[in-house]
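For the sequence shown, the working numbering assigns the number 240 to the initial residue and increments by one for each residue that follows. All C-beta atoms in this analysis are idealised placements derived from N, C-alpha and C, irrespective of residue type, glycine included. Contents: one structure, followed by commentary.
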Amino acid sequence: MTIVDLITQEAGGERRRILMAACVAGATSMFVLIGANVVASAPERSGLLAASLFALVVAGHYISAKYMYCRTATVVESALHQIKIRIVDKLEKADIQGVERIGTAAIYDGITENLSVVSNYGPLIAAFLQAALILAFAVLYIAWISLPTFIAITLLLAIGYSTYRDRAKELERYLQRLGDARVVFFDQLTDLLKGFKEVKLSRRRGRDICTNIERSSEVLQGFNLKSGEMNGDNVIFASCNLYALLGVIVLVIPQHIDVDSSVLVGIVAAILFLWGPMTVLITGAPAYIRSNVALDRARTLEEKLDKAILETQIALDAEDAWRGGFGAIAGRGIEFEYVSEDGDGAFRIGPLDVDIAEGEIVFIVGGNGSGKSTALKVLTGLYPPTGGELMVGGIRVDSSNVAAYREKISAIYSDFHLFAKLYGLLDVDPAAVHRLLAQMDLQQKTSFENKGFTNRNLSTGQRKRLAMIVTLLENRPICVFDEWAADQDPEFRTYFYEELLPALKQRGKTVIAVTHDDRFFHCADRVITMEYGRIRSVERA
């Protein structure tokens, strides 16, 4: 997709009006040239009438050009807004594995950096359109006064454009590589920011990651310099073509074609008049190419998101197959394998055979890397099994009903996120939130205003308690906790196991918790131990 395609698709019924305004702007520019040539060749024609007509033409040019510029900018921004909304909508619908494969940096780059480039250069398209139409009208004017000269100029312009187009394609390839290098840089910078605590604990680690980022920045610098050099070469090449065109008209054509001196003066005047529009086309071409590459990268991001949606074919609006209940959760030979982009398997769990009764408290334990968190994501429907089947209430969970199954689960994963507002619970009773804040001993740390918590800059344990408040407000039948108590003080750790979990069980909730707290294993109905991606044992507490 090019930026012209973007404007054409988005403009809709206004497309004709924008084009008409551009034609009027181009035509009035040429009327200025024609009028100036006529008056210059016959001074007696000057006077009040000529001045009035000249002023009318200039006014027409001003009105039409302003309309074209304003409407084009509006159309571009409207189209970019629609692209952003479309990408966000696809993100919300996409499968979690697909989004993880695309990567945070690539998504940020596609929706911010690339679309900002188009937004910045969008107004230039109006100038491009006007300059191109002025060029077309000027060439027609030259054809009117000298057909042989018109043919010669057309051939020269065609040759110049053909050569420039090949150079522009090479620039596009470099800009694509520049975009890839920028994503790598953003990815490494994100790595530094997300692991900032770990970096501060190891000077060596900090220097290593900074050295890596420096190398990426040098690669980015190299691509920027090369693309800038190619931009400059293209501008100089196009400018030299323009000088060559003027030289051919003045020095070559009179030697081979019988052209009256007054006609030659008119042609030269037309070429000089074109200097401004041609300069706009020449200097603005790199911006046009950058915009097209940016749009292409945004389109590529959309295609990847479409693939992430199609891979699972999840029915987001499917009816609840469990009619409000759900029954037991059963895994039959469940397997899951992480697959890298090159198709190689990275880590796998299973086969797993597990049964979790409705209203039961189950602890999943095991060492680091045993597959607990991955198993949790499979059991909660975030990762589709690559083998076996997940049964809930005797119904197989698949793409047609997994979205409805997820709606029954409230989870606090180890990498949980607290949103700025209680999205999905915007109509919650503030009094209920304040009661839970007091229950979690957070009433002195934060409050609830404007549908969100006033302070989220808390310790990890306190933030987990805020996440627990959200879970309790959601009031879903299945509660999943991944190492929730790991960052709590002894008082709240005891409260979690000996008071909160039994209270959830009493309310009929099914609780699945990943934990290492062996002294609280007696609080569970069963304890599942995992090792190397498999279930080693299942014991009743």
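**Request:** Please classify Met630: does DSSP put it in a helix, a strand, or coil?
**Result:** For Met630, the secondary structure class from DSSP, reduced to helix, strand or coil, is strand.
**Request:** Give every residue of the same chain whose Cβ lies closer than 6 Å to the Cβ of Leu368, excluding the five residues on either side of it in the sequence, and list them in chain order.
**Result:** By the criterion of a C-beta distance shorter than 6 Å, Leu368 is surrounded in its chain by Ala261, once the five residues flanking it on both sides are discounted.
**Prompt:** Can you list, in chain order, the residues of its chain whose CB lies under 6 Å from that of Gly632, leaving out five sequence neighbours each side?
**Reply:** Closer than 6 Å at the Cβ level, and outside the excluded window around Gly632, lie Trp561, Phe565, Gly566.
**Message:** Quick check on this structure: which residue in Ala312, Ser303, Arg779, Tyr771 has the alpha carbon closest to the alpha carbon of Asn607?
**Reply:** Tyr771
**Message:** On the DSSP letters alone, give me the boundaries of the beta strand (DSSP E) that Ser358 sits inside.
**Reply:** Here Ser358 belongs to no beta strand (DSSP E); instead the alpha helix (DSSP H) covers 353 to 384.
**Asked** Going by the beta-carbon positions, is the gap between Ser466 and Leu414 smaller than 7 Å?
**Response** yes
**Message:** Is it the case that the region 485 to 496 contacts the region 455 to 465, given that we only count it when at least three CB pairs across the two stretches are under 8 Å?
**Reply:** no
**Of the residues Leu288, Leu354, Ala294, Gly299, the one placed nearest His320, counting alpha carbons only** = Leu354
**Asked** Can the beta-carbon of Phe586 be found closer than 7 Å to that of Pro624?
**Response** The Cβ atoms of Phe586 and Pro624 lie no closer than 7 Å to each other.
**Prompt:** Which residue comes first and which comes last in the alpha helix (DSSP H) that contains Arg758?
**Reply:** Neither: Arg758 is in no alpha helix (DSSP H) and is coded neither H nor E.
**Asked** Between which two residues does the beta strand (DSSP E) containing Ser649 stretch?
**Response** 648 to 651
**Prompt:** Taking only runs of the beta strand (DSSP E) that begin and end inside the region 682 to 707, which ones reach a length of at least 3 residues, in chain order?
**Reply:** The qualifying runs do not exist here; there are none.
**Message:** Let me check one thing: in DSSP terms, what residues is Cys718 bridge-paired to?
**Reply:** Ser649, Val750
**Asked** Can you round the beta-carbon distance between Ile528 and Leu410 to whole angstroms, since I take them to be within the 8 Å contact cut?
**Response** 6 Å
**Item:** Nearest residue (CA-CA) to Val458, options Ile448, Gly434, Leu481, Leu417
**Value:** Leu417
**Request:** Tell me, to the nearest whole angstrom, how far the beta carbon of Leu676 is from that of Ile708; I am working on the premise that it is less than 8 Å.
**Result:** 7 Å
**Request:** Have a look at Ile324, Ala526, Ala407, Gly505 and flag the residue whose alpha-carbon is nearest the alpha-carbon of Trp383.
**Result:** Gly505
**Asked** Grouping DSSP H, G and I as helix and E and B as strand, with all else coil, what is Thr733?
**Response** Helix, per DSSP.
**Request:** State buried or exposed for Ser609, treating a residue as buried only when at least 16 other CB atoms are found within 10 Å of its CB.
**Result:** buried
**Request:** Kindly indicate which residue of Leu712, Ser401, Ser456, Tyr403 has the alpha-carbon position closest to the one of Val422.
**Result:** Ser456
**Item:** Residue(s) in a DSSP beta bridge with Glu574
**Value:** Gly626
**Request:** Measure the alpha-carbon distance for Arg538 versus Val593 and round it to whole angstroms.
**Result:** 42 Å
**Message:** Out of Gly570, Leu621, Thr710, which one is the CA nearest neighbour of Tyr662?
**Reply:** Nearest to Tyr662 by C-alpha distance, out of Gly570, Leu621, Thr710, is Thr710.
**Request:** Could you tell me if His300 is buried or exposed, where buried requires 16 or more neighbouring beta carbons within 10 angstroms of its beta carbon?
**Result:** buried
**Collapsed DSSP secondary structure at Val234 in the structure displayed** = Only positions 240 to 780 of the chain appear in this structure, which leaves residue 234 out of reach.
**Request:** Note down, in chain order, each residue of its chain lying with its Cβ closer than 7 Å to the Cβ of Ala706, except the 5 sequence neighbours on either side.
**Result:** Ile651, Phe655, Leu657
**Message:** Going by DSSP, what residue range makes up the alpha helix (DSSP H) through Phe469?
**Reply:** The residue you asked about is not Phe; residue 469 is Met in the sequence shown. Run containing Met469: 442 to 486, per the alpha helix (DSSP H) assignment.
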